[in-house]
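Engineer:
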Amino acid sequence: MDMKVAKKKLGLKEKYRLMTRDLGWEPTYRAKDEVFPYVNYEGIKVHDWDKWEDPFRLTMDSYWKYQAEKERKFYAIIDAHAQNNGHLNITDARYLSALKIFLQAISPGEYAAHKGFARVGREFPGVGTQVACQMQAIDEIRHAQTQIHALSNYNKYYDGFHAFADARDRIWYTSVARSFFDDAMSAGPFEFMIAIGFSFEYVLTNLLFVPFMSGAAYNGDMATVTFGFSAQSDEARHMTLGLECIKFMLEQDPDNLPIVQGWLDKWFWRGFRVLGLVSTMMDYMLPKRVMSWREAWEIYGVENGGALFKDLARYGIRPPKGWDDAEKAIDHMSHQFMLGLYQWSFGTSFHSWIPSDEDMDWLSAKYPTTFDKYYRPRWDHIRKLAAAGTPFKNFGLAKLCQTCQLPVVFTEPDDATMSCHRETEYKGEKYHFCSDGCQHIFDNEPEKYVQAWLPMPSLFQELNGDIGAWMNWVGLRDGEDNGDFVGSRDQRNFDQWRGMATSNL
Amino acid sequence: MTVTAIKEYVGVPRDRVENFNGKQLVYVSWDHHLLFAAPFLLCLPPQTSFRELVEGPLSALVQPDPDAAAIDWTKVEWLKSNQPWTPDFDRSLVDNGIGHKDQIRMRTPGLASLSAAA
Numbered sequence: 033m034d035m036k037v038a039k040k041k042l043g044l045k046e047k048y049r050l051m052t053r054d055l056g057w058e059p060t061y062r063a064k065d066e067v068f069p070y071v072n073y074e075g076i077k078v079h080d081w082d083k084w085e086d087p088f089r090l091t092m093d094s095y096w097k098y099q100a101e102k103e104r105k106f107y108a109i110i111d112a113h114a115q116n117n118g119h120l121n122i123t124d125a126r127y128l129s130a131l132k133i134f135l136q137a138i139s140p141g142e143y144a145a146h147k148g149f150a151r152v153g154r155e156f157p158g159v160g161t162q163v164a165c166q167m168q169a170i171d172e173i174r175h176a177q178t179q180i181h182a183l184s185n186y187n188k189y190y191d192g193f194h195a196f197a198d199a200r201d202r203i204w205y206t207s208v209a210r211s212f213f214d215d216a217m218s219a220g221p222f223e224f225m226i227a228i229g230f231s232f233e234y235v236l237t238n239l240l241f242v243p244f245m246s247g248a249a250y251n252g253d254m255a256t257v258t259f260g261f262s263a264q265s266d267e268a269r270h271m272t273l274g275l276e277c278i279k280f281m282l283e284q285d286p287d288n289l290p291i292v293q294g295w296l297d298k299w300f301w302r303g304f305r306v307l308g309l310v311s312t313m314m315d316y317m318l319p320k321r322v323m324s325w326r327e328a329w330e331i332y333g334v335e336n337g338g339a340l341f342k343d344l345a346r347y348g349i350r351p352p353k354g355w356d357d358a359e360k361a362i363d364h365m366s367h368q369f370m371l372g373l374y375q376w377s378f379g380t381s382f383h384s385w386i387p388s389d390e391d392m393d394w395l396s397a398k399y400p401t402t403f404d405k406y407y408r409p410r411w412d413h414i415r416k417l418a419a420a421g422t423p424f425k426n427f428g429l430a431k432l433c434q435t436c437q438l439p440v441v442f443t444e445p446d447d448a449t450m451s452c453h454r455e456t457e458y459k460g461e462k463y464h465f466c467s468d469g470c471q472h473i474f475d476n477e478p479e480k481y482v483q484a485w486l487p488m489p490s491l492f493q494e495l496n497g498d499i500g501a502w503m504n505w506v507g508l509r510d511g512e513d514n515g516d517f518v519g520s521r522d523q524r525n526f527d528q529w530r531g532m533a534t535s536n537l
Numbered sequence: 002m003t004v005t006a007i008k009e010y011v012g013v014p015r016d017r018v019e020n021f022n023g024k025q026l027v028y029v030s031w032d033h034h035l036l037f038a039a040p041f042l043l044c045l046p047p048q049t050s051f052r053e054l055v056e057g058p059l060s061a062l063v064q065p066d067p068d069a070a071a072i073d074w075t076k077v078e079w080l081k082s083n084q085p086w087t088p089d090f091d092r093s094l095v096d097n098g099i100g101h102k103d104q105i106r107m108r109t110p111g112l113a114s115l116s117a118a119a
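As given, the protein sequences belong to chains A and B, one line each in that order. Number 443 in my numbering belongs to position 411 of the first sequence; there are no gaps in the numbering. Number 62 in my numbering belongs to position 61 of the second sequence; there are no gaps in the numbering.
1) Can you tell me whether MET92/A is buried or exposed? The criterion is at least 16 other CB atoms within 10 Å of its CB, across all chains shown.
2) Indicate the three-state DSSP secondary structure (helix, strand or coil) for ALA117/B in the structure shown.
3) By the 10 Å Cβ neighbour count, where 16 or more other Cβ atoms means buried, how is LEU44/A classified, buried or exposed?
4) Which same chain residues end up closer than 8 Å to ALA119/B when comparing Cβ atoms and leaving out the 5 residues on each side of it in sequence?
5) Taking any Cβ of chain B, which residues in the stretch 474-506 of chain A have a Cβ under 7 Å from it, in chain order?
6) The alpha helix (DSSP H) with CYS470/A in it runs from where to where?
7) Where does ARG108/B sit, in a helix, a strand or coil, going by DSSP?
8) ALA216/A to ILE109/A, Cα distance in whole Å?
9) Quick check: is the beta carbon of ARG52/B nearer than 9 Å to any beta carbon in chain A?
10) What are the residues that DSSP puts in a beta bridge with CYS44/B?
11) Could you have a look at LEU80/B and say whether DSSP puts it in helix, strand or coil?
12) By Cβ distance below 6 Å, which residues in the same chain neighbour ASP266/A in space, the five residues on each side in sequence not counted?
13) If the criterion is Cβ atoms closer than 9 Å, does the pair ASP16/B and THR109/B meet it?
14) Look at the Cβ atom of VAL78/A, then the Cβ atom of ALA38/B, and state whether they are nearer than 9 Å.
15) Using alpha carbons as the reference points, say which of LEU131/A, ARG200/A, LYS416/A and PHE156/A lies closest to VAL257/A.
16) With a cut-off of 8 Å on the beta carbons, I'd call GLN166/A and LEU273/A a contact; round off their distance for me.
17) What residue range is occupied by the uninterrupted alpha helix (DSSP H) comprising ASP357/A?
18) Between MET107/B and chain A, is any beta-carbon pair separated by less than 9 Å?
19) Here's the rule: buried if 16 or more other CB atoms are within 10 angstroms of the residue's CB, otherwise exposed. What is LYS320/A?
20) Use the C-beta contact count for THR534/A: other C-beta atoms within 10 angstroms, 16 or more gives buried, fewer gives exposed.
21) At 8 Å on the CB atoms, spell out the chain B contacts of ARG410/A, in chain order.
22) For SER388/A, which of helix, strand or coil comes out of DSSP?
23) Helix, strand or coil for LYS41/A per DSSP?
24) Is it right to say GLU142/A is buried, meaning 16 or more other beta carbons lie within 10 angstroms of its own, or is it exposed?
25) Touching or not, the stretch 314-332 of chain A and the stretch 391-401 of chain A, by the rule of three or more beta carbon pairs under 8 Å?
26) Taking a Cβ distance cut-off of 9 Å, strictly less, list which residues of the stretch 82-113 of chain B are near chain A, in chain order.
27) Return the chain-ordered list of same chain residues with a C-beta closer than 6 Å to the C-beta of PHE90/B, the five sequence neighbours on each side being excluded.
28) Assuming LEU26/B and LEU42/B are in contact, meaning their beta carbons sit under 8 Å apart, how far apart are those beta carbons, in whole angstroms?
29) For chain A, check one thing: does any of its Cβ atoms lie closer than 9 Å to the Cβ of THR5/B?
30) Please classify TRP299/A: does DSSP put it in a helix, a strand, or coil?
31) Scan the stretch 59-97 of chain A and note each continuous alpha helix (DSSP H) run of 4 residues or more that stays entirely inside, going in chain order.
32) Apply the 10 Å Cβ neighbour rule to GLU223/A and answer buried if 16 or more other Cβ atoms are within range, or exposed otherwise.
33) What does THR449/A touch in chain B if you count any residue whose Cβ is under 9 Å from its own?
34) For the stretch 39-71 of chain B, which residues have a CB atom closer than 7 Å to at least one CB atom of chain A, in sequence order?
35) Identify the contact partners of GLN471/A in chain B, using a Cβ-Cβ distance below 8 Å as the criterion.
36) With 9 Å set as the bound, which would you pick, yes or no: does the beta-carbon of GLN368/A sit closer than that to a beta-carbon of chain B?
So, in structure tokens, the structure goes:
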């Protein structure tokens, strides 16, 4: 008699073992060192790759299922946004500047992270690590795509969105983010994990994404809120991977500690410089503001970051070297940055503007020790120049930092009236920096940073200083994408279309 | 090692003077005058006299500052690479020892319309 045998269903744990760990083959035709040639040169010692824990225990088949579900929801909302003229529901067309900066500087970073994780997923010998990195690689390319798709609807109606990829590669204010990712992608696999997996995803991601996504929600931008939600559950996995990676390195061998600490110091500071763009967006570019940059830093930097470093202290990790300088810069950076963006707005693919009286009162309430003392007098003067018909444009271009590639807009940590001047000579060439943090990074690996392609010097190298030719090359349409928001086509169109939607004119 | 790498690694600097079509870079800034968000980047032939630099691009660039008209160029204090230094206005950049990518700072004690006391 035939007995019916119930088909045995795999338990989660067993499935995870079979579909991930069990895929790790021992090579027999080639030595392991030949198959994984990049895993030792950074000096990180690993004794047992099986100690790598993946708390999510996600296998590829379930991964596809979850992601497909999220994609369906995302595109349904994006379609609805397009069909319902979602681009007219934002608070004000000034909000678009934040989106343009995000698309030009940050979304390409998602794509860079995709390439980086695809690479390190191949370079690490541990199976658990490989699988987690592969999933993150796919997440990152999905994020880049959903962001581009979400913002493409705005491109139908507004300026400054059309050439984001050229802006990413060629324009000057995006180079802080571009060089961050180029630096990480040209590092070894372990440093890459600290740079992106830990520093970016874990220490800084809240300061980047929370302000952007709540900024979008506050300003009526459903498209951006939707990609934020769609990425959120991935981010939780990425943060876990980043934290797991750092703990793994520290637990494997005590010799790893100084190397890891050096990377933390470096990547905290590099990330902090990228956040300069975010601080400006929060304090100046949202018509309806969520919180000040200072308030965001208190919650996500001081409280969350502080708790994290307290937790890591048992491994011997101390807070990053630049932490105190960062704290001193918090009440200044957004103002210093916005003053720069405004005076060089002939060269930006987004609009900036002089803050209104109401804006300035908000800023002085949020920055009681700095705004009225240092920055309001400059804005008042700039407003006078504009009223006199001679709006302030700084055609001097700017000295850039060799490491973070930002214009050197920052001041001495203890004197906000003095520009921070740092320079060094290496093999007979002079190099300039915006801060001690950036100079330390250069001094550790000068051969890497001497190769930096700096946008403003390049304008003179490659185009002989011809600004018009430069605008064509970066995809910036003079008089449309750039300049003051007041009088811009974006302002005119938004007001007219919104007027048609809300009145009988 | 000057870079962490798997083998001998030599970087090639991108902004050497020979890449600037016969010109050089000079950075100029005005202490305590932060209406200008960053030091100016100028690209000039090395034979430019210091006077031409001052009376040409520099004077034009500092115009928007309310102190610009009150600058007495004979009394400006100068620094080069953060050290006190005296330029000869009638000699060229190169004869003044101003190399490619040198940073020059000017100080005008008493002029500080837009600057808060430190």
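Heads up, the beta-carbon is just placed ideally off N, CA and C, and yes, glycines get one too. The model shown is predicted, which means the values in this text are computed figures rather than measured ones.
Structural biologist: Reading it off the structure:
1) Label assigned to MET92/A: exposed.
2) Of the three classes helix, strand and coil, the one that applies to ALA117/B here is coil, per DSSP.
3) Residue burial is scored here from C-beta neighbours: LEU44/A has fewer than 16 other C-beta atoms within 10 angstroms and is therefore classed as exposed.
4) Only weak support exists for where ALA119/B lies, its pLDDT of 47 falling under 50; the coordinates are left without a value.
5) Going along the stretch 474-506 of chain A in chain order, one finds GLU477, PRO478, GLU479, LYS480, VAL482, GLN483, ALA484, TRP485, LEU486, MET488, PRO489, PHE492, GLN493, ASN496 and GLY497 with a Cβ nearer than 7 Å to chain B.
6) Looking at the DSSP string, the run of the alpha helix (DSSP H) that includes CYS470/A is 468-476.
7) In the three-state reduction of the DSSP assignment, ARG108/B falls in the strand class.
8) Going from the Cα of ALA216/A to the Cα of ILE109/A covers about 34 Å.
9) At a cut-off of 9 Å between C-beta atoms, ARG52/B does not count as an interface residue with respect to chain A.
10) Under DSSP, CYS44/B shares a beta bridge with LEU26/B.
11) The answer is strand: DSSP assigns LEU80/B an E or B state.
12) Cβ neighbours of ASP266/A beyond the five flanking positions: ASP171.
13) In this structure, ASP16/B keeps its C-beta atom at 9 Å or more from the C-beta atom of THR109/B.
14) No Cβ-Cβ contact shorter than 9 Å links VAL78/A with ALA38/B.
15) The residue with the shortest Cα to Cα distance from VAL257/A is LEU131/A.
16) Actually they do not touch by this definition, with Cβ atoms about 11 Å apart.
17) Per DSSP, ASP357/A belongs to the alpha helix (DSSP H) from 355-361.
18) So, not an interface residue.
19) Classification for LYS320/A: exposed.
20) So THR534/A counts as exposed.
21) Near ARG410/A (Cβ distances below 8 Å), the residues of chain B are LEU35, LEU36 and LEU115.
22) Of the three classes helix, strand and coil, the one that applies to SER388/A here is coil, per DSSP.
23) DSSP places LYS41/A in the coil class of the three-state scheme, outside both helix and strand.
24) Buried, by the Cβ-count rule.
25) Yes, they touch.
26) Of all residues in the stretch 82-113 of chain B, only SER82, ASN83, GLY100, HIS101, LYS102, ASP103, GLN104, ARG106 and ALA113 come within less than 9 Å of chain A when Cβ atoms are compared, listed by chain position.
27) Its chain contains PHE51 and ARG52 as the residues whose beta carbon lies nearer than 6 Å to that of PHE90/B, once the 5 sequence neighbours on both sides are disregarded; these appear in chain order.
28) About 6 Å separates the beta carbons of LEU26/B and LEU42/B, which is inside the 8 Å limit, making them a contact pair.
29) Chain A, which has a Cβ nearer than 9 Å to the Cβ of THR5/B, makes this yes.
30) TRP299/A falls in the helix class under three-state DSSP.
31) You should have 64-67.
32) GLU223/A counts as buried, since no fewer than 16 other beta carbons sit within 10 angstroms of its beta carbon.
33) ASP32, HIS33, LEU35, ALA113, SER116, ALA117, ALA118 and ALA119, listed in chain order.
34) Residues are counted here when their Cβ sits less than 7 Å from a Cβ of chain A; for the stretch 39-71 of chain B these are ALA39, PRO40, PHE41, LEU42, CYS44, LEU62, PRO65 and PRO67, given in chain order.
35) What GLN471/A touches in chain B: nothing, since even the nearest Cβ is about 13 Å away.
36) It does; some Cβ of chain B falls within 9 Å.
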